[in-house]
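Undergrad:
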Amino acid sequence: MISLALSWLFVIAFIIIMYIILDGFTLGVGLLFPWIKDTKDRDTMISTVLPVWDGNETWLVFAGAALYAGFPDAFAILMSALYLPLILLIVGLLLRGISFEFIHKASSSIHVWEKCFFAGSLMAVIAQGLVVGTYVQGFTFDSQTGAVIPHQWLNLFSVFCAAAMIIAYTLLGSARLIKKTNGALQERFFVISGRLQWLLLFAVIFVGIYSPNIINSQLKTWFTLQNSPFIVMFVIVSFMLMGMHAFAIKQRIEKLPFITLVGTFILAYIGFLASDLPYIVPHQITFMQAKADDGALILMLYGAAVLLPLLLFYTAYAYHIFSGKVDENKTEY
Amino acid sequence: MLTTLFLSRFQFAFTMAIHIIFPAFSIGLVSFLVFMEGAWLKTKNPVYYQIIRFWTKVFALTFGMGVVSGIVMEFQLGTNWAGFAKQVGSVLGPLFIYEVMSAFFVEAGFIGILIFGWNKVGAKLHYLATIMVAIGTLISAYWILSANSWMQHPIAYTQLADGKYIATDWLAIMFNPYNLPRYLHMVMAAWLTTSFVIISISSYYLIRSLHIEFAKKCLRFAIIAVMILIPIQIFIGDVAGVNVYKEQPLKTAAMEGLWETEKGAPTILFAIPSNTQQKNLFEFGSIPHGSAILNTHQYNAELIGLKTVAPDEQPEVWLVFFSFRIMVGLGLLMLGYAIIANFLLAKNKLYENKKILFLSQFMAPIGFIALLTGWITAEVGRQPWAIYGLVRTADAVSNVSKHDVMIGFTLIFIVYVIIFGIFYFYFLDKTIKKGPADIDSVQPFSFLGGGSEETGDKK
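Sequences listed follow chains A and B, in order. At the far end of the first sequence sits residue 632, using the working numbering, and the numbering has no gaps. At the far end of the second sequence sits residue 467, using the working numbering, and the numbering has no gaps.
1. Residue range of the beta strand (DSSP E) that B:Pro281 falls in?
2. From B:Phe62 to B:Ser210, what distance separates their C-alpha atoms?
3. When you compare the CB positions of B:Phe118 and B:Ala137, do they come within less than 7 angstroms of one another, or not?
4. In this structure, does DSSP put A:Thr585 in helix, strand or coil?
5. Taking only the alpha-carbon atoms, compute the straight-line gap between B:Gly464 and B:Ala445 and give it to the nearest angstrom.
6. Touching or not, the stretch 126-144 of chain B and the stretch 168-178 of chain B, by the rule of three or more beta carbon pairs under 8 angstroms?
7. Any beta carbon of chain B sitting closer than 7 angstroms to that of A:Ile345?
8. According to DSSP, is A:Ala615 helix, strand or coil?
9. Use the C-beta contact count for B:Asn308: other C-beta atoms within 10 angstroms, 16 or more gives buried, fewer gives exposed.
10. Buried or exposed for A:Glu631, going by 16 or more other Cβ atoms inside 10 Å?
11. Checking contacts by CB at 7 angstroms: is B:Pro102 closer than that to chain A?
12. Whose CA, out of A:Leu555, A:Thr343 and A:Ala365, lies closest to the CA of A:Phe313?
13. Looking at the unbroken alpha helix (DSSP H) that takes in A:Ile316, where does it start and where does it end?
14. When Cβ atoms are compared, which residues of the stretch 29-56 of chain B fall closer than 9 angstroms to chain A?
15. With DSSP collapsed to three states, give me the class of A:Ala362.
16. What are the boundary residues of the beta strand (DSSP E) that includes A:Leu349?
17. Can you name the residues of chain A whose CB is closer than 8 angstroms to the CB of B:Lys94?
18. When you compare the CB of B:Ile430 with every CB in chain A, is at least one pair closer than 7 angstroms?
19. Report yes or no: do the stretch 228-238 of chain B and the stretch 283-295 of chain B share at least 3 C-beta pairs separated by less than 8 angstroms?
20. Just to make sure I have the definition right: I need the residues of chain B whose C-beta is within less than 9 angstroms of the C-beta of A:Val580. Which are they?
21. A:Lys624 by DSSP, collapsed to three states: which one?
22. Let's test the definition: count the other Cβ atoms within 10 Å of the Cβ of B:Ile395 and tell me whether it reaches 16, buried, or not, exposed.
23. In chain order, what residues of the stretch 399-418 of chain B put their CB closer than 7 angstroms to some CB of chain A?
24. Within this structure, are the beta carbons of B:Asn251 and B:Tyr165 separated by less than 7 angstroms?
25. Less than 6 angstroms between the CB of B:Pro239 and some heavy atom of the ligand COA, yes or no?
26. Name the chain A residues whose beta carbon is nearer than 8 angstroms to that of B:Thr145?
27. Quick one: grab the DSSP three-state call for A:Ser537.
28. Within the chosen definition, does the stretch 554-574 of chain A reach the stretch 307-321 of chain A through at least 3 CB pairs nearer than 8 angstroms?
29. Would you check if the distance between the CB atom of B:Thr385 and the CB atom of B:Gly313 is smaller than 7 angstroms?
30. Under a three-way DSSP split, which group does B:Asn407 fall into?
31. If you scan the stretch 274-349 of chain B from start to end, which runs of the alpha helix (DSSP H) of 4 or more residues do you find wholly inside it?
32. Mind checking which residues open and close the alpha helix (DSSP H) that includes B:Val252?
33. Taking just the CA atoms, how far does A:Val348 sit from A:Ser622?
34. Sort B:Leu343, B:Met73, B:Ile181 and B:Gly293 by Cα distance to B:Ile26 and report the nearest one.
35. Name the DSSP beta bridge partners of B:Arg400, please?
36. Measuring alpha carbon to alpha carbon, tell me which residue in B:Arg17, B:Gly46 and B:Ile29 is nearest B:Leu380.
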């Protein structure tokens, strides 16, 4: 039944955007590490994400399992076609996760862990950029064997996407830190955000103009549909959000940058999804072709119906507990 | 030799072997914490508080390792085992989803309270969190074991025209009759493994006259636990073993090193089985009718030999044969140890007996080795099948180049060695050397102890 598959598709889409936003700012904090020289400031930065990073990363585990269970064919094709970027992603996340575990336990080796924290975050972000870039372009299949031609993830466009991803996550991390810190450190992040936002704008425009010319993809429908009121609205709202972000940075309004950026991320994500539907492997396999059988989908929807609201409640509660500015003390067990 | 299939199998075995250690240890530790925290709430004896605080630290570190190494397992199901996902994703997927959701439920809700919640929530709420984490880890393990049991004994499925398998009866799959003994065998293994770590560390302290009250309480609990657990474990293992023969007689043949079908087959104590020559190159010692009795509970039962199928239908016999022997041997060693230690404990001589304490220090790996060799027996014994009788491992592997797998594996290997091999043990060692907090600095929940913000940990 299409409604079952579509419902599960929404569940996955929701899980992924939760991951992008929550782990996005966590990764961003990692990317900002080399720019902050003072050890105490870096401790503060770590403290803003320490209580929540574990939960944030778990959304990715959840997304993976949800794709596996709901659309096994798509999982099989996508995961094996993106072999090396995904290995890079997990190795990056491993490094980062371990650094979290040890950064506040270590004493003499703390610098090693700080470097691992940055390197792991960077690897994970680059990998995600490569994955997104490749996915947008779609895959070419070998006409004889029917298998995906390997190493399609390595090209100029996906490398550009990786760079754009670094900018986007760093900005999100900076916005989060503006919200969570005070004084001179907060000022640093205002300055960083102020510069990075123009880079992001440039990247967005570049992707918007450049990509449809090299990609024979769904993105073209965007431009053939240019007159559609939905698209026009979409573009207007995106630019409004970015404008509000710039305004908030200029006026030093501390809560607004994060909210506007999250709005921008969600919009971009919806655009990304809408341009590929009904395909789950771009131009090749629709979600209806890739879906698991209905019995499996029903079983999982029951579980998700109970668990997702509960998880959202938990997550909100955890963020509530750790809301407000962080103090400079290290968090420990 | 270095094909994509071989490398992928090796990588999966390697990452799995490392991963399984952490959830098993976590399950055991949190169950131990449930007992100790219960004892503390009941008696208000600060030694128990000292115990929970110390082992919670070890638990936190271990659980974190389990989470990060678990991500690798999940991703590999797609990157390396795409054929597997395609063919049986509809059946195993929901089990994995429920596993992730159970784990997620625990993690999002209660782990934070368990680890960070001292002095932030009340004692009873904290205990509730500890119990919930224990239940959550046990449920999570159940889902994974039910997925594995379906791979060993697929039931309640049907095959579609395009070759994919779908489930016909979810309840039957979730409550696969073969799953219960296997699940209990695994949980018992987790508890035993943890008990031996506790025994080892407590003995380490006792022999150096450190943290004596703390160590005595831990040691006593773990030694009694082992005495209760090990006979049950041997019994469950036997039940599981009989099931194996019913469902997968070839696995039994590999475990026993039997090439020819034989009535009242003996137990061969030691041999060097060779797949290429289809026989045992060397045999030493045999117990008449041993295999028949062990695997069927009948004196003269006929056991099917490996040669009843073509060589490419047989598992790597030597690996199954040796793993099985190591597991059983260590199980018997545990039983012997438990009897001696409990005898000394009953006579009140355990804490003074330097010899047994000295030996006890080195017992920590024993459970882990038994656990890993048990899994090797089960998983390699199933080969060449990924899903027994349905999907071959060779058809389950992804269509990726061996160079990609090699690069990926190298990366994973390096990171694993650094992370798990060096730093986990480094920090574990540091935590152990530092020991539990001194008893007079321990401040139970502030409202009970009337204490300050002191967290009760050594800095």
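Beta carbons are placed, not taken as given, at the ideal position from N, Cα and C, and that holds for glycine.
TA: Looking at the atomic coordinates:
1. Within the second sequence, residue 281 of chain B is the residue found at index 273, counting from 1. Counting along the chain, the beta strand (DSSP E) containing B:Pro281 begins and ends at Thr275 to Ser282.
2. Mapped onto the second sequence, residue 62 of chain B falls at position 54. Mapped onto the second sequence, residue 210 of chain B falls at position 202. Approximately 12 angstroms, taken between the alpha carbons.
3. One-based indexing of the second sequence puts residue 118 of chain B at position 110. One-based indexing of the second sequence puts residue 137 of chain B at position 129. For B:Phe118 and B:Ala137, yes; Cβs fall inside 7 angstroms.
4. If you number the first sequence from 1, residue 585 of chain A lands on position 286. Three-state result, A:Thr585: strand.
5. Within the second sequence, residue 464 of chain B is the residue found at index 456, counting from 1. Within the second sequence, residue 445 of chain B is the residue found at index 437, counting from 1. Below a pLDDT of 50, predicted positions are generally treated as unreliable, and B:Gly464, at 42, falls in that range; the measurement from the model is reported next regardless. Each residue's alpha carbon lies about 6 angstroms from the other.
6. no
7. Position 46 of the first sequence, counting from 1, holds the residue named residue 345 of chain A. By this cut-off, A:Ile345 is not an interface position.
8. Sequence index remark: in the first sequence, residue 615 of chain A carries index 316 (1-based). Look at A:Ala615 here: in three-state DSSP terms it is helix.
9. What you label residue 308 of chain B is simply residue 300 of the second sequence in a count that begins at 1. Per the 10 Å Cβ criterion, exposed.
10. Looking up residue 631 of chain A in the first sequence gives position 332. Because the pLDDT of A:Glu631 is 47, which lies under 50, any placement of that residue in the model is unreliable, and the question is left without a value.
11. Here the question's residue 102 of chain B lines up with position 94 in the second sequence. At least one chain A Cβ lies under 7 angstroms of B:Pro102.
12. The sequence position of residue 313 of chain A within the first sequence is 14, counting from 1. When only C-alpha atoms are compared, the closest one is A:Ala365.
13. Within the first sequence, residue 316 of chain A is the residue found at index 17, counting from 1. First-last of the alpha helix (DSSP H) with A:Ile316: Ile301 to Leu331.
14. none
15. As a first step, residue 362 of chain A must be located in the first sequence, where it is residue number 63. Here A:Ala362 carries a helix assignment [DSSP, helix/strand/coil].
16. For the purposes of this step, residue 349 of chain A is taken as the residue at position 50 of the first sequence. Where A:Leu349 is concerned, there is no enclosing beta strand (DSSP E), given that its DSSP letter is neither H nor E.
17. Residue numbering aside, residue 94 of chain B sits at position 86 when the second sequence is read from its first letter. Those within 8 angstroms of B:Lys94 in chain A are Pro371, Asp372 and Ala375.
18. As a first step, residue 430 of chain B is located in the second sequence; it is residue number 422 there, counting from the start. No, no contact with chain A.
19. no
20. Within the first sequence, the letter at position 281 stands for residue 580 of chain A. Residues of chain B passing the Cβ test: none, with the nearest at roughly 12 angstroms.
21. Position 325 of the first sequence, counted from the start, is the residue given in the question as residue 624 of chain A. In the structure shown, A:Lys624 sits in coil (DSSP, three-state: anything other than H, G, I, E or B).
22. Reading the second sequence from its first residue, position 387 is the one you call residue 395 of chain B. Label assigned to B:Ile395: buried.
23. Ser406, Asn407, Val408, Ser409, Asp412, Ile415 and Gly416
24. For this step, residue 251 of chain B is matched to residue 243 along the second sequence. For this step, residue 165 of chain B is matched to residue 157 along the second sequence. Taking 7 angstroms as the Cβ cut-off, B:Asn251 and B:Tyr165 do not qualify as a contacting pair.
25. The ligand COA is not among the ligands present in this structure, which contains no ligands whatsoever.
26. Indexing the second sequence from 1 puts residue 145 of chain B at position 137. What B:Thr145 touches in chain A: nothing, since even the nearest Cβ is about 15 angstroms away.
27. As a working mapping, residue 537 of chain A is identified with position 238 in the first sequence. The answer is helix: DSSP assigns A:Ser537 an H, G or I state.
28. yes
29. Against the second sequence, residue 385 of chain B aligns to sequence position 377. Against the second sequence, residue 313 of chain B aligns to sequence position 305. No, the Cβ-Cβ distance between B:Thr385 and B:Gly313 is not below 7 angstroms.
30. Position 399 of the second sequence, counted from the first residue, corresponds to residue 407 of chain B. For B:Asn407, the secondary structure class from DSSP, reduced to helix, strand or coil, is coil.
31. 298-304
32. By one-based count along the second sequence, residue 252 of chain B stands at place 244. B:Val252 -> alpha helix (DSSP H) spans Ile220 to Glu255.
33. Reading the first sequence from its first residue, position 323 is the one you call residue 622 of chain A. Reading the first sequence from its first residue, position 49 is the one you call residue 348 of chain A. When rounded, the distance between both Cα atoms is 11 angstroms.
34. Looking up residue 26 of chain B in the second sequence gives position 18. The shortest Cα separation from B:Ile26 among B:Leu343, B:Met73, B:Ile181 and B:Gly293 belongs to B:Met73.
35. The residue labelled residue 400 of chain B in the question sits at position 392 within the second sequence. In the DSSP secondary-structure assignment, B:Arg400 is bridged to B:Trp393.
36. The count along the second sequence starts at 1 and reaches residue 380 of chain B at position 372. Considering only alpha carbons, the answer is B:Ile29.
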